[in-house]
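Visitor:
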Amino acid sequence: MLPSFLSFLAATALASCSVVSAAPQGGRHSRSADAYPWSGWESQQCNSETIRTRVDFNNMAPADRKAYTDAVKCLMGKPSQLDPEQYPAAINRYMDYAVIHVNRTQHVHLDAFFLTWHRYFLWLYETDLQQSCGYTGAFPYWDFAATASDPHAFPIFDGSEYSMSGDGLYDNTGPTQLGANFSIPHGTGGGCVTTGPFANLIAPIKFIDPSQLTTGTLPADAFAYNEICLQRDLNAYVSQTYTNQAQLVAAAHADNASQFEYLLNGVIGSSSLGIHSGAHFSVGGQMNSIHVSAQDPIWYPLHTMIDKVYTSWQANYPDRASQLDGSTGTALNTPPSDVVTLDSVEPDWGYFQLTPIQVQELISTTAGPFCYQYDNVIS
Ligand SMILES: [Cu+2]
């Protein structure tokens, strides 16, 4: 399953690198407030009083970390809103997000929708934790560069009740082959996660072969229910090699949007994974899958960190903030699609957001639907 993942990431990174476009600066479109499911879209005043600040999970007080994972577990206790006949794997509202992510994988990865679609997806999830589960704390990110020396040594993966759960049970399945001449060594887990808030979690969507990206289809039984445990294989070699501080800073100072995407997602034929895929592979298990990784609750703090890198790059270079990378709206341009511009309509977010949103509405974290910042900028 894994060998082709890197190739896909890298192939598209290369493809998108060949086109550098400075996207036109589009004006914001006004929309009627009642078009959106969440309150306050247009009327919201984003200022120093109302802005929310996202913080590093490892810097949160233990009780605050537990309040966050309690809210995630609350979402896992809420009923699914999806058709159970069509989506048997959607066993609760938390899994609805994972199902939508699988359904949209072909349109929101390895293409120009990646950064903004995921930004809004995270915001929908954050808002749901607040509105459905009464969460009032900060939305945390996982600074994978700060923990790169040894992820186990930090609160986020120590397996305590104040963590995001720990490693999987040790199961030596050997190195993971990521290309013809490229593999990563086995980590320290490999089996089921049995500690912390998400111990023994069932991740019912089975692994999907990334080669599906070359056909643009999903297996017929993609949404069947499977009694599969959440797995992890924490890997300090991968984090030290692919998600270290120097690589993080390089991304936050990328010359343009194409180079930024490249530093996130790697390049074919080399041993560079990029910090985004590197972070995924440093966790292992379901996180190794481009399709089904959103079943692991660590997916959200990881992607919030990617959004922090994106936000930092935009803050460091305001003249590049609205740049898109010149790629289209489908992974590997399969099926072929138009080059994405700021006026392009984003793929929807399932029932959480069916009303059309343009890319330009999701460029700033303090305008449109958003009003948040990070506790610091990667400079
Ligand atoms: Cu994704």
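Numbering (mature numbering (1 follows the signal peptide of the UniProt record, and there is no 0)), first residue to last: -22 to -1, 1 to 357. Every residue, glycine too, gets a C-beta built ideally from N, C-alpha and C.
Does DSSP put VAL261 in a helix, a strand or coil?
Guide: Position 283 of the sequence shown holds residue 261. Three-state result, VAL261: helix.
Visitor: Do you know how far the Cα of LEU251 is from the Cα of GLY157?
Guide: Stepping through the sequence shown from its first residue, residue 157 is reached at position 179. Stepping through the sequence shown from its first residue, residue 251 is reached at position 273. Going from the Cα of GLY157 to the Cα of LEU251 covers about 11 Å.
Visitor: I'd like to confirm something about VAL86: is its beta-carbon nearer than 7 Å to some heavy atom of ligand 1, or not?
Guide: For the purposes of this step, residue 86 is identified with residue 108 of the sequence shown, where counting begins at 1. Yes.
Visitor: If you scan the region 156 to 224 from start to end, which runs of the beta strand (DSSP E) of 3 or more residues do you find wholly inside it?
Guide: 160 to 162, 168 to 171
Visitor: Shorter than 8 Å from the beta carbon of SER236 to some beta carbon of chain C?
Guide: The chain labelled as chain C is not found in the depicted structure, where only one protein chain is given.
Visitor: So, does the region 124 to 142 touch the region 51 to 58, judging by three or more C-beta pairs under 8 Å?
Guide: Flag = no, the region 124 to 142 and the region 51 to 58 do not touch.
Visitor: In the structure shown, what three-state DSSP assignment does ASP303 receive?
Guide: Residue numbering aside, residue 303 sits at position 325 when the sequence shown is read from its first letter. In the three-state reduction of the DSSP assignment, ASP303 falls in the coil class, being assigned neither a helical nor a strand state.
Visitor: Straight-line CA distance for ILE341 to GLN301?
Guide: If you number the sequence shown from 1, residue 341 lands on position 363. If you number the sequence shown from 1, residue 301 lands on position 323. Cα-Cα distance, rounded: 9 Å.
Visitor: What's the C-alpha gap between GLY146 and THR166?
Guide: Position 168 of the sequence shown, counted from the first residue, corresponds to residue 146. Position 188 of the sequence shown, counted from the first residue, corresponds to residue 166. Cα to Cα, the separation comes out at about 8 Å.
Visitor: Where do the ends of the alpha helix (DSSP H) carrying THR47 lie?
Guide: Working through the sequence shown from its first residue, we reach residue 47 at position 69. Unbroken alpha helix (DSSP H) run through THR47: 40 to 54.
Visitor: Assuming PHE160 and SER249 are in contact, meaning their beta carbons sit under 8 Å apart, how far apart are those beta carbons, in whole angstroms?
Guide: In the sequence shown, the residue the question calls residue 160 occupies position 182. In the sequence shown, the residue the question calls residue 249 occupies position 271. The Cβ separation is near 5 Å, so the contact holds.
Visitor: Per the DSSP calculation, TYR329 is bridged to which residue(s)?
Guide: Counted from its first residue, the sequence shown places residue 329 at position 351. Its beta-bridge partners are TRP327.
Visitor: How about GLY307 and HIS85: do their beta carbons lie closer than 8 Å?
Guide: Taking the sequence shown and counting its residues from 1, one reaches residue 307 at position 329. Taking the sequence shown and counting its residues from 1, one reaches residue 85 at position 107. Yes; because the gap between Cβ atoms is below 8 Å, this pair is in contact.
Visitor: Under a Cβ-count criterion, where at least 16 other Cβ atoms within 10 Å of its own Cβ denotes burial, should SER357 be classed as buried or exposed?
Guide: One-based indexing of the sequence shown puts residue 357 at position 379. Exposed: under 16 other Cβ atoms inside 10 Å.
Visitor: Here's the rule I'm using: 16 or more other beta-carbon atoms within 10 Å means buried, otherwise exposed. How should ILE29 be labelled?
Guide: Counted from its first residue, the sequence shown places residue 29 at position 51. Classification of ILE29: exposed, given that the 10 Å Cβ count is below 16.
Visitor: Where does GLN23 land, buried or exposed, given buried means 16+ other C-beta within 10 angstroms?
Guide: Translated into the one-based positions of the sequence shown, residue 23 becomes position 45. That one is exposed.
Visitor: Tell me whether GLN292 sits in a helix, a strand or coil according to DSSP, three-state version.
Guide: On the sequence shown, residue 292 is found 314 positions in, with the first residue counted as 1. The answer is helix: DSSP assigns GLN292 an H, G or I state.
Visitor: With DSSP run on the structure shown, which of helix, strand or coil describes ASP297?
Guide: Numbered from its first residue, the sequence shown carries residue 297 at position 319. Three-state result, ASP297: helix.
Visitor: Measure from the alpha carbon of PRO118 to the alpha carbon of each residue in GLN338, ARG298, ASN150, TRP101, then state which is nearest.
Guide: Here residue 118 corresponds to residue number 140 of the sequence shown, with the count starting at 1. For PRO118, the nearest C-alpha among the options comes from TRP101.
Visitor: Compute the Euclidean distance between the alpha carbons of SER267 and PHE259, then round it to the nearest angstrom.
Guide: Along the sequence shown, read from residue 1 onward, the residue named residue 267 stands at position 289. Along the sequence shown, read from residue 1 onward, the residue named residue 259 stands at position 281. Computed Cα separation, rounded: 9 Å.
Visitor: Just the C-alpha distance for ALA11 and GLN209, rounded to the nearest angstrom, thanks.
Guide: As a first step, residue 11 is located in the sequence shown; it is residue number 33 there, counting from the start. As a first step, residue 209 is located in the sequence shown; it is residue number 231 there, counting from the start. With a pLDDT of 35 at ALA11, under the threshold of 50, the modelled position of this residue cannot be trusted, and the question is left open.
Visitor: Would you mind working out which of ILE276, ASP303, THR31 sits nearest TYR72, comparing C-alpha positions?
Guide: If you number the sequence shown from 1, residue 72 lands on position 94. For TYR72, the closest C-alpha among the options ILE276, ASP303, THR31 is that of ILE276.
Visitor: With 16 as the cutoff for other CB atoms within 10 Å, does ASP353 come out buried or exposed?
Guide: In the sequence shown, counting from the first residue as 1, residue 353 sits at position 375. Label assigned to ASP353: exposed.
Visitor: Closer than 8 Å by C-beta to THR125: which residues in its own chain qualify, once you throw out the five before and the five after it? Chain order, please.
Guide: Counted from its first residue, the sequence shown places residue 125 at position 147. The residues ASN36, ALA131, PHE132, ILE134, PHE135, SER217, in chain order, have a CB closer than 8 Å to that of THR125 in the same chain once the five nearest residues on each side in sequence are set aside.
Visitor: Identify whether VAL33 lies in helix, strand or coil by the three-state DSSP scheme.
Guide: Residue 33 sits at position 55 when you count from the first residue of the sequence shown. In the structure shown, VAL33 sits in a strand (DSSP, three-state: E or B).
Visitor: Say yes only if the C-beta of HIS258 is nearer than 7 Å to one or more non-hydrogen atoms of ligand 1, and no if none qualify.
Guide: The sequence position of residue 258 within the sequence shown is 280, counting from 1. Checking every heavy atom of ligand 1 against the Cβ of HIS258, none is found closer than 7 Å.
Visitor: Could you say if the region 303 to 322 and the region 86 to 106 meet the contact criterion of at least three C-beta pairs nearer than 8 Å?
Guide: yes
Visitor: Are there any heavy atoms of ligand 1 lying less than 7 Å away from the beta-carbon of HIS254, as far as the coordinates show?
Guide: For this step, residue 254 is matched to residue 276 along the sequence shown. HIS254 Cβ: outside cutoff for every heavy atom of ligand 1.
Visitor: Under a Cβ-count criterion, where at least 16 other Cβ atoms within 10 Å of its own Cβ denotes burial, should ASN81 be classed as buried or exposed?
Guide: As a working mapping, residue 81 is identified with position 103 in the sequence shown. With 16 or more other Cβ atoms within 10 Å, it is buried.
Visitor: Helix, strand or coil for THR343 per DSSP?
Guide: In the sequence shown, residue 343 corresponds to position 365, counting from 1. In the structure shown, THR343 sits in coil (DSSP, three-state: anything other than H, G, I, E or B).
Visitor: If you draw a straight line from the C-alpha of THR173 to the C-alpha of SER141, how long is it?
Guide: Here residue 173 refers to the residue found at position 195 of the sequence shown. Here residue 141 refers to the residue found at position 163 of the sequence shown. Using only the alpha carbons, I get a separation of about 9 Å.
Visitor: How many Å lie between TYR14 and PRO347 at the Cα?
Guide: Position 36 of the sequence shown, counted from the first residue, corresponds to residue 14. Position 369 of the sequence shown, counted from the first residue, corresponds to residue 347. Since pLDDT at TYR14 reaches only 39, below the 50 mark, its modelled position is unreliable, and the value read off the structure follows with that caveat. Computed Cα separation, rounded: 9 Å.
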